[in-house]
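Visitor: Taking the working numbering, I'd label the letters of the sequence shown as residues 31 to 324.
Idealized CB from N, CA, C, for every residue including glycine.
Quantities reported herein were computed from a predicted structural model and do not represent experimental measurements.
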Amino acid sequence: MGKRVRTAVIPAAGLGTRFLPATKSQPKEMLTVVDRPAIQWVVEEAVAAGIDDVLIITSPTKKGVEDHFDRMAELETLLEAKGKVEMLASVRRITDMATFHFTRQGAPLGLGHAVSMAARHVRDEPFAVLLPDELLPDGGATLRRMIDECEASGSSVISLFEVDGPEISNYGCAGFSSRDGDVVEIDRIVEKPRFEEAPSNLKVTGRYVFTPEIFAKLAVTEPGQAGEIQLTDAMAMLIGDPGLRGLVIKDAGYDAGQKLDWLRANIELSLDDPVAGTEVAEMLAGIMKSRGLA
Ligand code: UTP
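Now the structure itself:
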């Protein structure tokens with residue numbers, strides 16, 4: 031039995047241009063989804079999957095992310111003095127749920143470069159990578175399966191999702207040589223292929239479990255599109271040795287870095303909220319009715 035996956039790496043040093051002007055001075059990872067920043071949903075997912083160590087890759091404009099996972103003694107003392115027990119617990123839980131580490135990327139040289147920043151921290155262990163703008167609120171089930179698959183097989187495992195037609199040209203795409211249920215053995219991976227040349231209809235989504243070999247591959251990855259070090263290029267070098275598998279997921283969750291999908295996340299997840307759900311449903315029904323939409 032190999033080493034266990036203990037660490038989640040969360041690359042949060044991107045520019046967030048798709049969500050301007052909201053992200054002009056505010057990190058997109060800190061945009062609220064229901065009642066907490068998007069990145070907290072992602073950390074909670076990792077913790078639910080059994081991870082207790084989190085490394086967040088940040089940039090100078092992301093100080094709010096670091097502060098969110100740090101203790102805020104003054105606030106805690108105030109809530110304690112006022113007897114706001116539940117609020118205090120919800121604030122403390124943020125810092126208690128894992129051990130947090132932060133490192134700066136220096137310059138936004140691409141997702142592959144951001145992941146390579148984790149090498150000194152993770153060293154020779156397998157680890158998870160979660161993109162913080164993709165929300166997968168499934169109680170950590172998908173990530174846990176990916177971790178189990180990696181630990182059992184010694185292959186890196188990435189999440190894949192079926193898309194329709196030419197849409198595949200917007201994403202990383204994985205072709206495969208064999209399939210066993212929802213697990214595929216990847217034999218090709220390309221970034222944003224032309225539709226006619228795409229090896230499959232499976233797009234790469236934002237959950238990855240890597241064996242530490244990825245760091246050696248990233249170290250020799252040449253800058254690609256727009257001068258960025260592409261994670262996809264390094265992943266391609268894992269194929270065959272020690273292996274790259276895909277878990278085909280049925281629900282890709284939400285892209286909270288994109289305006290419409292962020293709104294969908296807020297609507298659906300607040301409807302799912304055990305406390306506020308009914309009120310939100312009534313509010314939405316009222317809005318639809320008053321506009322003659324329902
Ligand atoms: P995206 O390209 O989706 O994020 O990168 P972005 O650059 O922040 O957003 P847009 O496209 O301009 O709106 C995917 C993930 O990789 C991280 C981002 O923070 C995001 O979580 N990333 C990307 C880095 O950490 N560093 C980089 O150099 C690039």
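If you measure between the beta carbons of ILE69 and PRO162, is that distance less than 8 angstroms?
Guide: yes
Visitor: For ASP123, is the beta carbon positioned less than 7 angstroms from some heavy atom of the ligand UTP?
Guide: Just to set this straight, residue 123 is Arg in the shown sequence, not Asp. Outside the cutoff, so no.
Visitor: Ordered along the chain, which non-local residues of its own chain (more than five positions away) have a Cβ less than 8 angstroms from that of ARG153?
Guide: PRO242
Visitor: How would you write the range of the alpha helix (DSSP H) that ILE219 sits in, first residue to last?
Guide: It is not in any alpha helix (DSSP H) - ILE219 instead sits in the beta strand (DSSP E) that spans 213-221.
Visitor: Return yes when at least one heavy atom of the ligand UTP lies under 7 angstroms from the C-beta of PRO242, else no.
Guide: no
Visitor: How many whole angstroms separate the CB atoms of ALA76 and ALA158, which I take to be in contact at a CB cut-off of 8 angstroms?
Guide: 6 angstroms
Visitor: Taking DSSP's pairing of strands, which residues face LYS233 in a bridge?
Guide: As computed with DSSP, LYS233 is found in a beta bridge with PHE191 and CYS203.
Visitor: From the DSSP secondary-structure annotation, give me the bridge partner or partners of ALA128.
Guide: Looking at the DSSP assignment, ALA128 forms no beta bridge with any residue, so it has no partner.
Visitor: Which whole runs of the beta strand (DSSP E) in the region 59-110 are 3 residues long or more, in chain order?
Guide: 83-88
Visitor: Determine whether the beta carbon atoms of LEU248 and VAL145 lie at a separation below 8 angstroms.
Guide: Result yes, Cβ atoms of LEU248 and VAL145 sit closer than 8 angstroms.
Visitor: For the beta strand (DSSP E) holding ILE40, just list the boundary residues, first then last.
Guide: 37-41
Visitor: Roughly how many angstroms lie between the CA atoms of ALA315 and LEU61, to the nearest whole one?
Guide: 25 angstroms
Visitor: Helix or strand or just coil, what does DSSP make of ASP285?
Guide: strand
Visitor: According to DSSP, SER208 sits in a beta bridge with which residue or residues?
Guide: GLU215
Visitor: Check whether the region 108-115 touches the region 225-236, taking contact to mean three or more Cβ pairs, one atom from each stretch, closer than 8 angstroms.
Guide: No, they do not touch.
Visitor: Provide the residue span of the alpha helix (DSSP H) that contains ARG153, from first to last.
Guide: Looking at the DSSP string, ARG153 is not in any alpha helix (DSSP H), and its letter there is neither H nor E.
Visitor: So what does DSSP say about SER186, is it helix, strand or coil?
Guide: DSSP places SER186 within a strand segment (E or B) once states are collapsed to three.
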